[in-house]
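Below: one structure, written as structure tokens.
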Amino acid sequence: MMKLGCMSLSYQKEFAAGQLDLEGFIERAYQLGLDGIDLHTGAFASTDAAYLRRIRMQALKRGLALSYIGVSSNFGKPAEQLIAEVATAKKWIGVAAQMGIPLVRVFAAWVPEGDTTEAVWARMIPCLKEVAAYGQQQGVVVGLHNHNHGCVTRTGKDVIRILNEVDNPYFSHILDTGQYVGSPGASGANGVEDPSLDFYGSIALTAPLAVHVRCKIYRIQTGEEAWLNYPRIFEILRGVKYNGWLSIVYEGQQVEPEATAVPKAVKYLRKLMREV
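Residue 322 in the working numbering sits at position 230 of the sequence shown; the count goes up by one each step and never skips.
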């Protein structure tokens, strides 16, 4: 059965203000009745072994799975900076292995001003191959997160091309419901879908490959997500017999506080999960 989690960035304002830390996020997730949590690297106060063991033990005692660590990588940077990008991804794969977390999220690449997609692609793929090979060595799957806003994973076809070129069983796909081009939440669309770009088609194209789904929440004041058609998305997931994680990623902080919006998202997605 599908499981419901929440990404730590759903509380990015509270984290930034010092009102919430990783221990507090675990307690919040427990109170919300979630099945697990995803952790952005920015949520970690340390990578010391004692701290990581403490976080793992707290989650275990609260019955919460740690489903993935999110690394905000960019393998489109100039060549001289890519060694550090690869090293950072490997570091967090090591942390995941130490904590028993099965998945690490990476981004692909952004195209710098004055550069070309082809040139970026040529230096990105070897980096992703190296990171995937390290994940395989450590027993941690590396998940490619589709993203827009200038990233090279704008469409489902882009994601599939990268997965095919990297060609490693430990390199898979994390599907973000709001980040394909054409989405009402992507690249400044501000709630307006571009039907000509068929972002639901991109979701359908890569859903069979997904090992994790990020359920983006933009506007949930009424108790139902207004920008994304989740009944339609759930129909896609049901069609491919998806049986993994659904993770809330709230990005509507400018219109509603995290403390009230995330519980609404939990209730809304739980309802849809029961219907499926």
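We put the beta carbon where it would ideally sit given N, CA and C, even for glycine.
Residue 147: buried (16+ other C-beta within 10 angstroms of its C-beta) or exposed?
Around the beta-carbon of residue 147, 16 or more other beta-carbon atoms lie within 10 Å, marking it buried.
Residue range of the alpha helix (DSSP H) that residue 339 falls in?
Unbroken run through residue 339 is the beta strand (DSSP E), 337-342; no alpha helix (DSSP H).
Under 8 Å Cβ to Cβ from residue 363, same chain only, skipping five residues before and after it: list those, please.
Here the set comprises nothing.
Beta strand (DSSP E) containing residue 128: first to last residue?
Counting along the chain, the beta strand (DSSP E) containing residue 128 begins and ends at 128-132.
I'd like to check one pair, residue 232 with residue 188: are the Cβ atoms closer than 7 Å?
Their beta carbons are under 7 Å apart, which means residue 188 touches residue 232 by this criterion.
If you compare alpha carbons, which of 220, 271, 141 and 352 is closest to residue 174?
Comparing Cα-Cα distances from residue 174 to each of 220, 271, 141 and 352, the minimum goes to 220.
Whole-angstrom C-beta distance between residue 230 and residue 185, which should lie under 8 Å:
5 Å between Cβ atoms; contact.
Determine the extent of the alpha helix (DSSP H) in which residue 117 is found, giving its start and end residues.
114-123 is the extent of the alpha helix (DSSP H) around residue 117.
With which residues is residue 365 paired in a DSSP beta bridge?
Partner(s): none; residue 365 has no beta bridge.
Put residue 199 into one of helix, strand or coil per three-state DSSP.
Assignment of residue 199 by DSSP, reduced to helix, strand and coil, places it in the coil class.
Suppose you measure from the CA of residue 151 to the CA of residue 100; what does that come to, to the nearest Å?
If I take the Cα positions, the gap works out to 14 Å.
Beta-carbon gap between residue 124 and residue 160 smaller than 7 Å:
Taking 7 Å as the cut-off, the Cβ atoms of residue 124 and residue 160 do not count as close.
For residue 269 and residue 252, which I take to be in contact (beta-carbon distance under 8 Å), what is that distance rounded to the nearest angstrom?
Contact flag wrong, Cβ pair sits at about 17 Å.
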